[in-house]
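According to numbering that gives the first Met the number 0, the sequence shown is numbered sequentially starting from 0.
C-beta: ideal position from N, C-alpha, C; glycine also.
Only one structure is covered here, and it is reproduced in the block below.
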Amino acid sequence: MAILSDMLSALSEEKKTDFLRLVAYATDKINEGIVISDAIAPNNPIIYANEGFERLTGYSRQEIIGKNCHFLQGEGTDPAAIDSIRRALRQGVDCRVDILNYRKDGSRFWNRLSIAPLRDGSGKIIHFVGVQSDITELKDTRESLERTNTVLQKFQTDMNIELAQAQHVQEAILPPPLPPSEYIQIASKFVPLAQIGGDFYDVIKLNESTYGFLIADVTGHGIPAALLTFMSSTVFKNSAVGVYSTCEVIEETNKRIVGKMPAGTFATMFYMIYDQLSRKLIFTQAGHPPALLIRPFTEQIIPLRTEGSLVGIFDHGFIEYGQGSIILQAGDVVILYTDAIIESIGRTFLGKELDQLIALIRQRLDEPIETLLEDIYCYGLSCNSGAKYEDDVTLLGFKVSK
């Protein structure tokens with residue numbers, strides 16, 4: 000205001016009038032409402048209001064001149080905001096507050112009110128100027144975002160609870176540790192993805208000398224994958240009881256889940272049955288990576304394969320699953336694994352994944368089976384630049400002791 004006074008004092012009366020007319024014209028054209036009150040008169044009456052104030056509030060200048068701005072307040076106006084304004088007026092300081100006001104027609108609007116004192120040459124406050132901006136849209140948008148955020152937070156909390164429950168389901172279907180056997184050493188490594196994937200494995204004792212070994216991978220992640228995993232695991236267990244043919248078990252599993260899985264979902268499986276006394280291993284591959292038979296004494300590593308497709312897609316009348324067999328020797332190791340291992344190795348050795356896995360194992364023929372599984376897991380990580388796997392990782396195997 001001091002600058003404005005200096006400018007006016009330097010002008011002639013005619014130019015001063017023109018200048019003030021220009022200021023009034025410019026003030027009327029801006030969107031913000033501007034009012035000036037008399038700080039000396041009781042109750043700070045309005046002595047000036049621009050057209051922007053009229054457009055904003057619906058009140059004409061004739062209706063408000065001589066009145067206090069209290070008429071803009073209503074039942075929804077926050078008393079704390081009113082106190083902030085009164086305190087600023089009482090102390091003669093600048094103030095900015097977002098306050099809920101009411102137009103002449105009763106409609107509500109959010110007003111960003113900025114108040115500043117105007118002083119005369121002696122420093123005495125003679126006026127207050129208030130600039131009012133309609134921030135209703137901004138406020139509504141912010142409140143809408145806050146409500147949306149609250150809903151999303153609740154959704155996330157609910158999802159975390161459901162994911163935790165699904166993870167418990169996934170863990171519950173894994174087999175308990177089996178008692179040690181003088182004939183074989185069994186080992187496994189299962190590292191689930193944080194968002195829950197579809198890997199699972201099982202070790203079934205069919206009789207005193209015979210074990211069944213399954214590894215499987217159901218497509219998808221999250222709760223749907225956990226539910227499909229639980230269904231597939233349950234169906235497999237029911238199909239495997241008392242059955243000593245791997246292809247029959249896989250065929251029965253496929254028969255029971257075809258038509259029950261959502262479109263585009265399926266499972267891959269590799270199932271083996273091993274008789275400790277005869278050392279006979281029979282196996283069926285169903286769309287899953289081949290098992291690896293490791294013979295340390297001859298340094299052979301043999302992929303075990305059979306004919307067969309994915310589980311859960313084709314009706315049992317249109318697909319057959321093959322069955323292979325081989326007699327194992329003392330010291331032999333058989334390893335099953337899910338495709339996360341192969342996919343990770345493929346990031347470095349695309350197209351040569353299985354060859355690289357076999358080469359790694361060949362360097363570790365004399366390792367205990369637990370150590371070998373851990374080394375395979377770590378090798379997959381190293382091929383992925385040390386980053387996490389993008390899927391569940393499951394390794395299952397056994398070593399023939401005698």
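Compare the C-alpha of residue i against each of the options and name the closest.
| i | options | result |
| --- | --- | --- |
| P191 | I45, I185, V217 | V217 |
| I281 | S59, I249, R107 | I249 |
| L137 | R255, F108, C68 | F108 |
| I64 | I33, D82, R89, S83 | I33 |
| D314 | G263, N110, K254 | K254 |
| L276 | Y182, P289, R86, Q299 | Y182 |
| P384 | P367, R346, A358 | It is worth fixing the name first, because residue 384 is Ser in this sequence and not Pro. For the residues P367, R346, A358, the minimum Cα distance to S384 belongs to R346. |
| I256 | P116, N206, L227, V240 | L227 |
| A358 | P178, E298, V332, L173 | E298 |
| P295 | H287, Q362, N49 | Q362 |
| T393 | S238, N67, P288 | P288 |
| S231 | I325, L173, D82 | L173 |
Helix, strand or coil for residue i per DSSP?
| i | result |
| --- | --- |
| L335 | strand |
| G379 | helix |
| R118 | strand |
| M268 | strand |
| I2 | For I2, the predicted structure reports a pLDDT of 45, less than 50, and the residue's modelled location is therefore unreliable. A value from the coordinates is still provided. If DSSP states are grouped into helix, strand and coil, I2 belongs with the helices. |
| K138 | helix |
| I312 | coil |
| I301 | strand |
| F296 | coil |
| K398 | strand |
| L213 | strand |
Apart from the five residues on each side of it in sequence, which residues of its chain come closer than 7 Å, Cβ to Cβ, to residue i?
| i | result |
| --- | --- |
| A1 | Confidence is the limiting factor: at A1 the pLDDT is only 47, short of 50, which leaves the residue's position unreliable, though a coordinate-based value still follows. Here the set comprises nothing. |
| D274 | S208, T209 |
| G321 | C246, T283, T305, E306, G307 |
| E31 | G51, V130, Q131, S132 |
| S244 | Q322 |
Keeping to the same chain, check which residues put their C-beta closer than 6 Å to that of residue i; ignore five residues upstream and five downstream.
| i | result |
| --- | --- |
| F348 | Q355 |
| I312 | F265 |
| S4 | Its pLDDT being 47, under 50, S4 is placed unreliably by the model, and nothing is read from it. |
| I29 | G51 |
With burial defined as no fewer than 16 other Cβ atoms inside 10 Å of the residue's Cβ, what is the status of residue i: buried or exposed?
| i | result |
| --- | --- |
| G105 | exposed |
| F127 | buried |
| C377 | exposed |
| P41 | exposed |
| K204 | exposed |
| N159 | exposed |
| A386 | exposed |
| I360 | buried |
| L10 | A caution first: L10 carries a pLDDT of 47, below 50, which makes its placement in the model unreliable, though a value can still be read off. Counting Cβ neighbours within 10 Å, L10 comes out exposed, since fewer than 16 surround it. |
| A72 | Before going on, a small fix: residue 72 reads as Gln here, not Ala. Burial call: buried. |
| L151 | exposed |
| I84 | buried |
Please list, in chain order, all residues of the same chain as residue i whose beta carbon is under 8 Å from its beta carbon, the five residues on each side excluded.
| i | result |
| --- | --- |
| A329 | V399, S400, K401 |
Give a yes or no on whether the minimum CB-CB distance between residue i and chain D is below 8 Å.
| i | result |
| --- | --- |
| I312 | Included in the structure is just one protein chain, with no chain D present. |
Any chance the CB of residue i is under 7 Å from a heavy atom of the ligand MG?
| i | result |
| --- | --- |
| L88 | This structure does not include the ligand MG; it has no bound ligands of any sort. |
Is the region 267 to 276 touching the region 207 to 214, taking contact as three or more C-beta pairs under 8 Å? Taking one beta carbon from each stretch, the region 267 to 276 and the region 207 to 214 have 3 or more pairs nearer than 8 Å; the two touch.
Do the region 33 to 47 and the region 76 to 84 meet, that is, are 3 or more Cβ pairs less than 8 Å apart? Verdict: no, contact absent.
Inspect the CB distances between the region 177 to 189 and the region 365 to 372 and report whether three or more fall short of 8 Å. yes
Any 3 or more C-beta pairs closer than 8 Å across the region 144 to 156 and the region 51 to 64: no
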